[in-house]
Every structure is written in structure tokens, then in C-alpha cells.
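The sequence shown begins at 2 in the numbering used here and counts up one residue at a time. Glycine residues also receive a C-beta, built at the ideal position from the N, C-alpha and C atoms. To keep things clear, I will list the structure first and then write my remarks on it.
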Amino acid sequence: MKVAIGCDHGGFHLKQVIMTFLESKGIPFYDFGGYSEASIDYPDIADPVANAVASGEYDRGILICGTGIGIGIAANKVKGIRAALCHDTFSAHASREHNDANILTMGERIIGPGLAVDIVDVWLTTEFEGGRHLRRVEKIMALEEHES
Ligand code: RB5
């Protein structure tokens, strides 16, 4: 599994922790930035990460900002993306099993590094259950085809 990861300045330190975890597990990833604590607009990072996942170049994405909210809203604007904000392991598990989430978002200002690593571990190792959930996910994706 290849993971695309990114953050804004609000998520920079937590991203470093998550990348160390991915390295320890031997999970290949690419860091799309930001590369320092310098201020950066979260849509500018959500865009390349979400497109890398939507195109199939990467299997999953992880996006971190201060709250996980803005960067997730931005990622969900990209066709094919189901970004889930998870600050507990139950949500992380359910977002994969029920929603087939392909991007995980978290907020560095909300959770600590230990919980964040557990969330990533659960999220990366939980499979989509399919069945009745597939029908619902297909209905979500059909919304992208609607004229507004
Ligand atoms: C940046 O200050 C902050 O607004 C951002 O990291 C995020 O929390 C937005 O949703």
C-alpha cells in the first residue's frame, strides 16, 4: 500500500510522528508537504494529496492540519475522494469498514501523538466491508455526477 501524506503548518509536528510510524511499519509513503512550520494554506496541500489518491497513484491519503476540518473539506472537493475526520479508533475503523474512506484527516491541535498513531494503524489495516455499505458508498459517489 502506498500512502500520500500532507499537512499545513498546524499539522507539521504530528505529520513527522506519523511518517516515523509509517517508516517503522515499512509502509511506503510520499510527503507532499508542508515541509516546515511556515504558514501554508491547507487547500494547497489537500489538492495534490487528494488528486494523487483519486488518480490511483496512491492507495490512501493522510492529511493533517490544526483541526483536520479544513484540510478534509478541501480534499472532499476532489472527485473520487472520501475523506474522513477521525479522532478516535472507533471512527477510524468505521470510516474504512462502512465508508471506504480513502483519506484520513486529523487535527494536531486536538489529539496527542499516541492516539493519532493508533488511529492511523487501525485506519490502514481495516478493510472495506462491502455489501450494504457498497450500495451506500456508490450513492455517495453518484452525487458527484449531479448538476448543481
Ligand atoms: C491554521 O491556522 C488552521 O486554520 C488550520 O490548520 C485548520 O485547523 C483549518 O481547518
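Residues bridged to residue i [DSSP beta-bridge criterion]
{"i": "leucine 116", "result": "Paired residues: none, contrary to the question."}
{"i": "methionine 107", "result": "Ile65"}
{"i": "aspartate 32", "result": "Ile6"}
CA-to-CA distance, residue j to residue i, given in whole angstroms
{"i": "isoleucine 120", "j": "leucine 105", "result": "9 Å"}
{"i": "cysteine 8", "j": "isoleucine 28", "result": "18 Å"}
{"i": "aspartate 48", "j": "tryptophan 124", "result": "21 Å"}
{"i": "aspartate 32", "j": "phenylalanine 13", "result": "11 Å"}
{"i": "lysine 140", "j": "alanine 39", "result": "39 Å"}
{"i": "alanine 62", "j": "methionine 107", "result": "It is glycine, not alanine, that sits at residue 62 in the sequence shown. Looking at the two C-alpha atoms, the distance is approximately 11 Å."}
{"i": "leucine 15", "j": "threonine 68", "result": "12 Å"}
{"i": "alanine 93", "j": "alanine 84", "result": "11 Å"}
{"i": "valine 118", "j": "leucine 23", "result": "9 Å"}
{"i": "isoleucine 82", "j": "isoleucine 41", "result": "22 Å"}
{"i": "aspartate 89", "j": "leucine 116", "result": "7 Å"}
{"i": "alanine 53", "j": "tyrosine 59", "result": "6 Å"}
{"i": "glycine 34", "j": "glutamate 130", "result": "32 Å"}
{"i": "phenylalanine 30", "j": "alanine 51", "result": "14 Å"}
{"i": "isoleucine 111", "j": "asparagine 103", "result": "21 Å"}
Where residue i falls, given that 16 or more other Cβ within 10 Å makes a residue buried
{"i": "serine 25", "result": "exposed"}
{"i": "phenylalanine 91", "result": "exposed"}
{"i": "glutamate 109", "result": "buried"}
{"i": "arginine 154", "result": "Residue 154 lies beyond the range of the chain shown here (2 to 149); nothing can be said about it."}
{"i": "methionine 2", "result": "exposed"}
{"i": "tyrosine 43", "result": "buried"}
{"i": "serine 37", "result": "exposed"}
{"i": "leucine 144", "result": "exposed"}
{"i": "arginine 133", "result": "exposed"}
Where the beta strand (DSSP E) containing residue i begins and where it ends
{"i": "isoleucine 65", "result": "61 to 66"}
{"i": "alanine 85", "result": "84 to 86"}
Near ligand 1: residue i beta-carbon under 7 Å from a heavy atom
{"i": "glycine 67", "result": "yes"}
{"i": "tyrosine 36", "result": "no"}
{"i": "aspartate 9", "result": "yes"}
{"i": "isoleucine 63", "result": "no"}
Endpoints, the alpha helix (DSSP H) within which residue i is located
{"i": "asparagine 52", "result": "44 to 55"}
{"i": "glutamate 139", "result": "133 to 143"}
{"i": "valine 18", "result": "13 to 26"}
{"i": "serine 96", "result": "90 to 98"}
{"i": "glycine 73", "result": "70 to 76"}
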